[in-house]
Amino acid sequence: MKKLQKKLQHYFNALHVFCFLCKLGIPRKPARHIAKSYEFFTRSMLYPERSRTCSYLNFVKGQTFLGRMIRK
Numbered sequence: 016m017k018k019l020q021k022k023l024q025h026y027f028n029a030l031h032v033f034c035f036l037c038k039l040g041i042p043r044k045p046a047r048h049i050a051k052s053y054e055f056f057t058r059s060m061l062y063p064e065r066s067r068t069c070s071y072l073n074f075v076k077g078q079t080f081l082g083r084m085i086r087k
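Residue numbers for the sequence shown follow this note's numbering, beginning at 16 and rising by one.
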């Protein structure tokens, strides 16, 4: 349960970063890049057993929670 809670908190934090940047008037593409970078770097700290490259590739494919939310 704690792993799931940690994972959801991580994704919601990245989504929060994206939404906050959009509210500041930053276009979606640069805001998405910043949020993607945030997710990329914090995921490796939260989940050291996973590959950072895997996280990036899943984001590009839209398989992460944040990737799916942004593309909608």
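Quick reminder that beta carbons are idealized off the backbone N, C-alpha and C, glycines included. Computed from a prediction, not measured in an experiment: that's the story for all the values here.
The Cβ neighbour count for F27, taken over all protein chains shown within 10 Å, is under 16; the residue is labelled exposed. Look at P45 here: in three-state DSSP terms it is helix.
The C-beta of K51 has 16 or more other C-beta atoms within 10 Å across all chains shown, which makes the residue buried. In the three-state reduction of the DSSP assignment, L39 falls in the coil class, being assigned neither a helical nor a strand state.
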